[in-house]
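Novice: Following my numbering, the numbering of the sequence shown begins with 1 at its first residue and continues without gaps. My questions all concern the structure below.
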Amino acid sequence: MATDDFFSLQREYWRQVAESDGFDIESVQIPPSMYGRINGLIPHNCEINTPLPYRVLGKHYAKLGLHRYNMLKGTKFEFGRLMKFNMLQNCVASFYITLEAYDYGVPGTSHPQTFQVRIDEKIFGSLDLTVSIARRTTDEVTTKKPFIHHYHGGAVADNIIFKGELPDWPSDDVLKDRERFYVIMNESEWRATAWISLYLELVLCAHDKFITNTDLSRLSIEKVAIETSIGDALLYERLEAKSANVYIWFKRLEKPRVPQQVFVTGMDVERKAIIRRVMDSTGYLTLVGKLCGGVTKVRQFN
Numbered sequence: 001m002a003t004d005d006f007f008s009l010q011r012e013y014w015r016q017v018a019e020s021d022g023f024d025i026e027s028v029q030i031p032p033s034m035y036g037r038i039n040g041l042i043p044h045n046c047e048i049n050t051p052l053p054y055r056v057l058g059k060h061y062a063k064l065g066l067h068r069y070n071m072l073k074g075t076k077f078e079f080g081r082l083m084k085f086n087m088l089q090n091c092v093a094s095f096y097i098t099l100e101a102y103d104y105g106v107p108g109t110s111h112p113q114t115f116q117v118r119i120d121e122k123i124f125g126s127l128d129l130t131v132s133i134a135r136r137t138t139d140e141v142t143t144k145k146p147f148i149h150h151y152h153g154g155a156v157a158d159n160i161i162f163k164g165e166l167p168d169w170p171s172d173d174v175l176k177d178r179e180r181f182y183v184i185m186n187e188s189e190w191r192a193t194a195w196i197s198l199y200l201e202l203v204l205c206a207h208d209k210f211i212t213n214t215d216l217s218r219l220s221i222e223k224v225a226i227e228t229s230i231g232d233a234l235l236y237e238r239l240e241a242k243s244a245n246v247y248i249w250f251k252r253l254e255k256p257r258v259p260q261q262v263f264v265t266g267m268d269v270e271r272k273a274i275i276r277r278v279m280d281s282t283g284y285l286t287l288v289g290k291l292c293g294g295v296t297k298v299r300q301f302n
């Protein structure tokens, strides 16, 4: 096949994908001779009860999309089930997810609603992603942006505290600054905020995309600190802040798997994670996070 013909078919493939913003590609047609040659999306049907790669990651990405929707709309949708997702064939991937969720914030509401969520990863092996779409399939799309199959941008912070590299872990003295930090010691407080656990699990999923639900279910969060730029604010205002650094102390992770890093092993080892959340006026939600305390591997050359 001539090079021009190949690129013409590649463009036609993405034109068809763009018609549904990447979510419904069952009807996309390509010539049989191009199977396995088109650099496109890999569909995963979660309705079929078979082993599925990235199921845990896809579920967490779906929950993050709902979290973004709830932050924007003031709703209380909770995850129901993962229906399907389409995934870009790259180490740094994009996910186009379809899921069902329930609005438990509205009394008498029992029917599931279908959502679409788009996640674009930015770095391999580390949490750095952006949620650019989180919507119900019944929502009216008022602005149709040009379709780009992998988005490299992110939400823009409005304060220098939340720009650039993630900060180092704060000292005990720094954490005493109540203008910047709110330390949550009460387990009932952070348990009532499901996104704190979600953020931690996303950090671990990003480092190890094959981590299991069993691994995540063992985690025990010990303490949480929320850093914002809104001064003397109430807890709920800090929890709902569009920009925040979240510091989490936790245990019950036997052996962290982080590219090019080595950690002390043990279920009772106290570990630390930092996650930054930024949501800007576009509605884009960007999360960046890392597991602290690792030692960089030294490469040896013979």
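Every residue gets a Cβ at the ideal spot worked out from N, C-alpha and C, and that includes glycine.
Between which residues of its own chain and Ser217 is the CB-CB distance below 8 Å, once the five residues before and five after are set aside?
Specialist: Within the same chain, Ser217 has no close Cβ partners at all.
Novice: My parser needs the beta strand (DSSP E) runs of 3 or more residues fully inside the stretch 131 to 185; what are they?
Specialist: With a minimum length of 3 residues, the continuous beta strand (DSSP E) runs that stay inside the stretch 131 to 185 are 181 to 184.
Novice: Roughly how many whole angstroms lie between the Cα atoms of Arg277 and Asp128?
Specialist: Answer to the nearest angstrom: the Cα atoms are 10 Å apart.
Novice: What does the Cβ neighbour count give for Gln116, buried or exposed, with the cut at 16 atoms within 10 Å?
Specialist: Buried.
Novice: Need the endpoints of the alpha helix (DSSP H) that Leu41 sits in, please.
Specialist: That residue, Leu41, is in no alpha helix (DSSP H); its beta strand (DSSP E) goes 41 to 45.
Novice: Considering only C-alpha positions, which residue in the set Ser27, Asp4, Ala225, Phe263 is nearest to Val174?
Specialist: The shortest C-alpha separation from Val174 is found at Ala225.
Novice: Can you find at least 3 beta carbon pairs, one from the stretch 60 to 79 and one from the stretch 17 to 31, that sit closer than 8 Å?
Specialist: Contact between the stretch 60 to 79 and the stretch 17 to 31 is absent, because fewer than three Cβ pairs lie under 8 Å.
Novice: DSSP three-state label for Met267, please.
Specialist: The answer is coil: DSSP assigns Met267 none of H, G, I, E or B.
Novice: Please classify Met185: is it buried, with 16 or more other beta-carbons within 10 angstroms of its beta-carbon, or exposed?
Specialist: It counts as exposed.
Novice: With a Cβ-Cβ cutoff of 8 Å, do Asp21 and Ile97 count as a contact?
Specialist: No, Cβ-Cβ distance for Asp21 and Ile97 is not below 8 Å.
Novice: Excluding the 5 residues preceding and the 5 following Gln260 in the sequence, name in chain order all residues of the same chain whose CB lies nearer than 7 Å to its CB.
Specialist: These residues qualify, in order along the chain: Thr296, Lys297.
Novice: If you draw a straight line from the alpha carbon of Phe210 to that of Arg55, how long is it in whole angstroms?
Specialist: Rounded to whole angstroms, Phe210 to Arg55 spans 9 Å at the Cα level.
Novice: Looking at Tyr151: is its Cβ nearer than 8 Å to the Cβ of Asp120?
Specialist: Yes, Cβ-Cβ distance for Tyr151 and Asp120 is below 8 Å.
Novice: Run through the DSSP bridge pairs and tell me what Met87 is partnered with.
Specialist: Paired residues: Ile42, Phe95.
Novice: Report the partner residues of Leu216 according to the DSSP bridge assignment.
Specialist: Bridge partners of Leu216: none, in fact.
Novice: Spatial neighbours of Val141 within its chain, please: C-beta separation below 8 Å, excluding the five flanking residues on both sides.
Specialist: Excluding sequence neighbours, Val141 sits near Arg135.
Novice: Identify whether Gly283 lies in helix, strand or coil by the three-state DSSP scheme.
Specialist: It is coil, neither helix nor strand.
Novice: Return the CA-CA distance between Asp139 and Glu270, expressed in angstroms with no decimal places.
Specialist: Distance between the alpha carbons of Asp139 and Glu270 is about 44 Å.
Novice: Using 10 angstroms around the beta-carbon of His60, count the other beta-carbons present and answer buried if the total reaches 16, otherwise exposed.
Specialist: It is buried - the Cβ of His60 has at least 16 other Cβ atoms within 10 Å.
Novice: Considering only DSSP beta bridges, list what Ile226 is partnered with.
Specialist: Tyr182, Val246.
Novice: Quick one: residues in its chain with C-beta nearer than 6 Å to the C-beta of Met267, no 5 flanking neighbours on either side, listed in chain order?
Specialist: Contacts found: Arg252, Glu254.
Novice: Sort out for me which residues DSSP pairs Arg277 with in a bridge.
Specialist: Answer is Ala244, Leu287, bridged to Arg277.
Novice: Among the candidates Phe181, Ile38, Gly294, whose CA atom is the shortest distance from the CA of Asn239?
Specialist: Reading off the sequence, residue 239 comes out as Leu, not Asn. Ranking the options by Cα distance to Leu239, first place goes to Phe181.
Novice: How many angstroms separate the CA atom of Leu287 from the CA atom of Thr265?
Specialist: If you take the alpha carbons of Leu287 and Thr265, they lie about 27 Å apart.
Novice: For Gly58 and Tyr199, I'd like the C-alpha separation in whole angstroms.
Specialist: The alpha-carbon atoms of Gly58 and Tyr199 are separated by roughly 14 Å.
Novice: Could you name the residues of the same chain whose beta carbon sits closer than 6 Å to that of Phe85, not counting the 5 residues immediately before and after it, in chain order?
Specialist: If we look at Phe85 and ignore the five residues flanking it on each side, its Cβ neighbours are His44, Gly58, Phe95, Ile97.
Novice: With a 10 Å radius around its C-beta and 16 neighbouring C-beta atoms as the bar for buried, classify Pro53 as buried or exposed.
Specialist: Pro53 is exposed by the Cβ-count criterion.
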